[in-house]
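Asker:
There are 4 protein chains.
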Amino acid sequence: MKKREVLTSIKDEKLIVERRNQMIKGAVTLFKEKGFHRTTTREIAKAAGFSIGTLYEYIQSKEDVLYLVCDNIYDEVRERLEEMVVDRYTISELQQAIQHYFKVVDELQDEVLVMYQEAKSLSKDALPYVLKKELDMVEMFKVIIEGCVENNQFALTDKEISLFAHHLFVQGQMWAFRRWWLQKHYSLEEYTNMQLDFLLKNFSFQQLCEGETV
Amino acid sequence: MKKREVLTSIKDEKLIVERRNQMIKGAVTLFKEKGFHRTTTREIAKAAGFSIGTLYEYIQSKEDVLYLVCDNIYDEVRERLEEMVVDRYTISELQQAIQHYFKVVDELQDEVLVMYQEAKSLSKDALPYVLKKELDMVEMFKVIIEGCVENNQFALTDKEISLFAHHLFVQGQMWAFRRWWLQKHYSLEEYTNMQLDFLLKNFSFQQLCEGETV
Amino acid sequence: MKKREVLTSIKDEKLIVERRNQMIKGAVTLFKEKGFHRTTTREIAKAAGFSIGTLYEYIQSKEDVLYLVCDNIYDEVRERLEEMVVDRYTISELQQAIQHYFKVVDELQDEVLVMYQEAKSLSKDALPYVLKKELDMVEMFKVIIEGCVENNQFALTDKEISLFAHHLFVQGQMWAFRRWWLQKHYSLEEYTNMQLDFLLKNFSFQQLCEGETV
Amino acid sequence: MKKREVLTSIKDEKLIVERRNQMIKGAVTLFKEKGFHRTTTREIAKAAGFSIGTLYEYIQSKEDVLYLVCDNIYDEVRERLEEMVVDRYTISELQQAIQHYFKVVDELQDEVLVMYQEAKSLSKDALPYVLKKELDMVEMFKVIIEGCVENNQFALTDKEISLFAHHLFVQGQMWAFRRWWLQKHYSLEEYTNMQLDFLLKNFSFQQLCEGETV
DNA sequence: TATGAATGAGAATTCATTCAT
DNA sequence: GATGAATGAATTCTCATTCAT
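Chains as they are written, first to last, in the UniProt record's numbering: chain D, 1 to 214; chain E, 1 to 214; chain B, 1 to 214; chain F, 1 to 214.
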């Protein structure tokens with residue numbers, strides 16, 4: 001899927017990147033605080049540090065800002081996820097990947113929340129592109145899980161692998177979108193450990209059973 | 001927490017209920033389609049079958065409609081959840097409860113989605129009340145899980161029980177809010193079975209271990 | 001050609017007519033003074049005697065105002081033209097019709113000018129409808145001229161009749177759109193007489209020739 | 001009337017002429033297509049082949065472009081009209097002049113139309129100057145007609161001569177501004193011949209009458 | 001109670017013009 | 001001389017809310 005272009009009348013590529021970053025930064029703060037719809041374009045321009053006229057030199061409509069924000073957050077999360085090095089495909093590595101992912105969500109929780117709550121306001125045009133990015137990230141988990149399965153760490157059918165990947169992904173997001181309750185009652189470490197514990201028991205059980213059957 | 005009152009200038013209680021139900025019904029359809037912010041009060045009035053003037057006889061602001069809608073959806077989901085009869089607190093009963101809950105989510109998925117996506121637009125005033133309702137529902141799961149633990153079906157700490165309840169609750173919602181992917185690849189039955197399978201293995205493992213240690 | 005509808009959210013038909021008339025009256029004055037593009041919707045609303053919000057209850061876009069104005073002016077001119085009673089189809093009657101038409105243009109010259117100068121700003125959608133109205137008026141002249149021809153007042157081919165009708169029509173408008181010069185140098189009467197004189201000589205000549213050839 | 005100056009910050013006279021010609025050429029195309037008000041300065045600059053900054057080096061305001069365009073079109077039309085050589089002041093020469101004028105209008109019809117429709121948007125400042133140019137052109141016809149009268153080709157009072165000149169001028173423009181109808185039904189030749197026929201009958205009649213009275 | 005016309009603050013977007021490079 | 005990024009006043013249009021009938 002080709003990247004959806006946001007049109008601009010500015011020619012200086014470097015400037016486009018710079019201004020859009022300012023814009024995104026300001027917008028995230030505002031969206032976080034009051035949501036996309038309650039944020040005005042003037043507020044976005046102001047938060048970005050330039051005039052409303054300048055804002056519109058870099059985008060075509062307010063929705064473009066939302067798109068840029070979502071796009072950017074996905075890239076940020078993804079980039080952070082790609083830090084994980086997984087090569088041996090053991091349960092232990094999966095565990096580390098999950099820990100890493102939860103940590104990333106925790107650090108970028110405002111962004112994750114914004115993306116989560118506002119993505120639905122994207123136009124029919126932009127939505128598929130953003131959903132594609134989400135699936136790409138889910139895919140990263142899928143690859144790890146598949147690796148573990150191939151590596152006989154545990155047994156899962158293809159359908160189970162996919163669902164499990166989604167499941168993990170949502171479990172991470174959950175730390176952000178239910179923070180109003182979770183973060184009042186658990187530390188990130190507690191949350192991570194409890195979720196991991198739950199998952200790993202499962203796989204240990206599998207291994208145990210296999211061991212027994214032998 | 002006392003129910004947040006939505007003021008009205010109408011005396012006839014029965015009329016209030018009737019009109020509000022019309023209003024909620026119309027609003028859910030509209031919110032589902034275009035979201036709270038993109039829906040106008042005129043559209044809500046029209047969908048409800050009366051005039052904009054009448055709408056404002058029964059509410060004080062547009063946000064009241066959102067509140068009524070969210071409130072109503074929670075009540076509806078809750079009502080459906082209360083159909084479950086749990087008295088013996090066995091794993092099998094927990095399993096049935098989950099199955100029932102997933103079915104309810106599936107049947108009310110539009111409503112669940114609306115609530116899920118629009119609740120954040122509630123005012124600081126109304127939000128706590130709605131979150132309270134959500135916690136009440138989570139509590140229903142907690143009670144069942146606690147019962148099972150007391151009943152030695154499996155062992156969990158208090159913190160684990162709470163998290164598990166939330167986890168289940170989100171897993172159900174997930175069927176609605178990720179339907180763009182899940183429902184393309186799985187039937188409700190598949191989804192339910194796979195999730196249950198995963199949970200139950202876990203508990204079976206516990207029982208197995210316990211059995212062994214004895 | 002069906003009348004192009006201008007959408008409104010108002011139900012009271014009488015009110016629509018009343019408000020639109022206020023709107024048209026105000027708009028004509030403003031368009032006359034500064035043209036369509038330099039007139040703002042707020043000015044139109046103010047000139048009409050109501051708020052900008054009310055203005056938009058009766059139209060959908062600024063262009064609707066222009067359409068209503070043009071439409072209205074055509075109707076007004078046409079109505080005035082229909083006062084002419086032509087039944088004997090003599091040169092003398094044609095002459096009277098022309099005199100009447102020139103008088104109407106003179107009386108409605110602001111309107112004629114507005115229509116003349118702003119019609120081109122109508123959307124591709126509305127333009128054909130307005131041009132149709134113009135042709136309808138040209139047709140009125142054509143009918144008279146045709147009658148005269150059938151009545152042997154003078155001889156013209158069909159193509160000549162059409163052109164002559166357009167010619168007369170433009171000659172009338174000319175009194176309005178070149179008023180910056182014409183009305184400084186001629187009275188309406190002078191203008192009318194001179195133009196008539198010119199035309200009638202022509203037809204007298206024909207009759208004379210025919211007389212001679214016989 | 002002195003030529004209205006359009007200020008510029010550029011010293012190089014040749015460059016001024018060159019850039020302005022580019023500008024005018026681009027602007028005519030755009031004005032033709034969407035009118036003065038709907039054309040942006042950026043579009044003009046682009047069509048002219050240079051930047052918006054450069055555009056403003058050669059003019060002071062958008063309206064200057066309109067003025068330059070109108071001025072230029074008049075010059076162009078005038079230049080073409082001056083090709084006509086009239087020296088004997090006969091009806092036949094008048095006829096040729098008219099034919100030539102109609103041909104010029106036909107060839108420059110886009111320009112004539114632009115001038116016709118947009119001149120009214122000129123400021124109070126520039127308008128008189130442009131109207132003066134128009135009168136100058138009318139004057140060219142007046143000179144020919146006067147010559148003919150002096151030459152006893154036909155008899156007209158001074159007032160009639162002026163009106164006749166305007167009349168001819170408008171008749172030519174009419175071919176452009178009513179092209180939506182005329183050019184669908186007549187070729188330029190037909191149109192010219194019919195209009196000439198009409199005029200000349202008139203004068204022939206005069207001559208005939210004069211002949212008779214002698 | 002019900003209606004729907006009226007209101008106007010507020011929002012997105014445009015675009016002529018400027019000015020530093 | 002040329003460029004094009006920056007500006008913000010101005011404009012169109014929307015829509016929640018009110019209130020007279």
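Every residue, glycine too, gets a C-beta built ideally from N, C-alpha and C.
Just so you know, these numbers come straight off a predicted model, no measurement behind them.
Just checking: is the beta-carbon of B:Leu94 within a distance shorter than 8 Å of some beta-carbon in chain F?
Answerer: no
Asker: Under DSSP, the alpha helix (DSSP H) around residue 286 of chain B begins and ends at which residues?
Answerer: Residue numbering for chain B in the displayed model covers 1 to 214; residue 286 of chain B lies beyond these limits and cannot be assessed.
Asker: Please return the same chain residues whose Cβ sits closer than 6 Å to the Cβ of B:Lys184, not counting the five positions on each side in sequence.
Answerer: none
Asker: So, does the CB of F:Phe31 fall closer than 8 Å to a CB anywhere in chain B?
Answerer: no
Asker: Closer than 8 Å, CB to CB, is F:Lys120 near chain B or not?
Answerer: yes
Asker: Taking one C-beta from the region 126 to 139 of chain E and one from the region 88 to 99 of chain E each time, how about it: are there three or more such pairs within less than 8 Å?
Answerer: no
Asker: Our contact map puts F:Arg19 next to F:Tyr56 with C-beta atoms below 8 Å; I'd like the distance itself, whole angstroms only.
Answerer: The pair is not a contact, with the Cβ atoms about 11 Å apart (cut-off 8 Å).
Asker: Is the Cβ-Cβ distance between D:Thr192 and D:Gln109 less than 8 Å?
Answerer: no
Asker: For the alpha helix (DSSP H) that contains D:Thr54, what are its first and last residues?
Answerer: 52 to 58 is the extent of the alpha helix (DSSP H) around D:Thr54.
Asker: Over what stretch of residues does the alpha helix (DSSP H) that includes D:Ser162 continue unbroken?
Answerer: 158 to 177
Asker: For the alpha helix (DSSP H) holding E:Gly147, just list the boundary residues, first then last.
Answerer: Looking at the DSSP string, the run of the alpha helix (DSSP H) that includes E:Gly147 is 127 to 150.
Asker: Between the Cα of F:Arg38 and those of F:Val6, F:Asp12, F:Val143, F:Glu63, spot the shortest distance and give me the residue it belongs to.
Answerer: F:Glu63
Asker: Could you check the C-alpha separation between F:Val65 and E:Met115 for me, to the nearest Å?
Answerer: 57 Å
Asker: Can you name the residues of chain E whose CB is closer than 8 Å to the CB of D:Leu168?
Answerer: Here the premise fails: no neighbours, minimum Cβ distance about 12 Å.
Asker: For E:Ser9, does the count of other Cβ atoms within 10 angstroms reach 16, so buried, or fall short, so exposed?
Answerer: exposed
Asker: Check the Cβ-Cβ distances between B:Leu188 and every residue of chain F, and say whether any is below 8 Å.
Answerer: no
Asker: Do we get a CB-CB distance below 8 Å when we pair B:Gly26 with the residues of chain F?
Answerer: By the rule that beta-carbons nearer than 8 Å mark a contact, B:Gly26 does not touch chain F.
Asker: Against chain D, which members of the region 146 to 163 of chain E pass a CB distance test of less than 8 Å?
Answerer: Lys159, Glu160, Ser162, Leu163
Asker: Report the neighbours of E:Gly35 on chain D: residues whose CB is nearer than 9 Å to its CB, in chain order.
Answerer: Near E:Gly35 (Cβ distances below 9 Å), the residues of chain D are His37, Lys120, Ser121.
Asker: Determine whether the Cβ of residue 229 of chain F lies closer than 8 Å to any Cβ atom of chain B.
Answerer: Because chain F here runs from 1 to 214, residue 229 of chain F falls outside it and cannot be looked at.
Asker: Taking the alpha helix (DSSP H) that E:Arg78 belongs to, which residues open and close that run?
Answerer: 62 to 82
Asker: Kindly indicate the opening and closing residues of the alpha helix (DSSP H) around E:Gln96.
Answerer: 91 to 107
Asker: Nearest by alpha-carbon distance to F:Trp180: which of B:Ala176, B:His166, B:Glu190, B:Trp175 is it?
Answerer: B:His166
Asker: At least one CB of chain D closer than 8 Å to the CB of E:Leu185: is that the case?
Answerer: Looking at the sequence provided, one finds His at residue 185 of chain E rather than Leu. Taking 8 Å as the threshold, the shortest C-beta distance from E:His185 to chain D falls below it.
Asker: Check the C-beta distance from B:Ser121 over to B:Phe36 and give it rounded, since I have them as a contact under 8 Å.
Answerer: That belief holds up - the Cβ atoms of B:Ser121 and B:Phe36 are roughly 5 Å apart, short of 8 Å.
Asker: F:Asn202: buried (16+ other C-beta within 10 angstroms of its C-beta) or exposed?
Answerer: buried
Asker: Take the Cβ of B:Ile144 as the centre, count every other Cβ of all protein chains shown within 10 Å, and call the residue buried at 16 or more, exposed below.
Answerer: buried
Asker: Please tell me whether D:Leu182 and D:Asp106 are closer than 8 Å, where the distance is taken between their beta carbons.
Answerer: Cβ distance not < 8 Å, so D:Leu182 and D:Asp106 don't count as in contact.
Asker: Strictly below 7 Å CB to CB, what residues from chain D border E:Met174?
Answerer: Val170
Asker: Is it right to say D:Gly172 is buried, meaning 16 or more other beta carbons lie within 10 angstroms of its own, or is it exposed?
Answerer: buried
Asker: Note down, in chain order, every chain E residue with its Cβ under 8 Å from the Cβ of residue 216 of chain D.
Answerer: Residue 216 of chain D lies beyond the range of chain D shown here (1 to 214); nothing can be said about it.
Asker: Roughly how many whole angstroms lie between the Cα atoms of B:Thr213 and F:Cys148?
Answerer: At B:Thr213, the pLDDT of 49 sits below 50, so the modelled position is not reliable and the matter cannot be decided from this model.
Asker: Counting only beta-carbon atoms, is B:Lys201 nearer than 8 Å to chain F?
Answerer: Answer yes: the Cβ-Cβ gap between B:Lys201 and chain F drops below 8 Å somewhere.
Asker: I want to verify the contact list: residues of chain E whose CB lies under 8 Å from the CB of D:Leu178, in sequence order.
Answerer: With the sequence shown as reference, residue 178 of chain D is identified as Arg, and Leu is not the correct amino acid for it. In chain order: His166, Val170.
Asker: Would you tell me roughly how many angstroms separate the C-alpha atoms of F:Leu30 and F:Val69, rounded to the nearest one?
Answerer: Approximately 11 Å, taken between the alpha carbons.
Asker: Which residue's Cα is closest to the Cα of F:Ile44: F:Arg78, F:Met23, F:Tyr74?
Answerer: F:Met23
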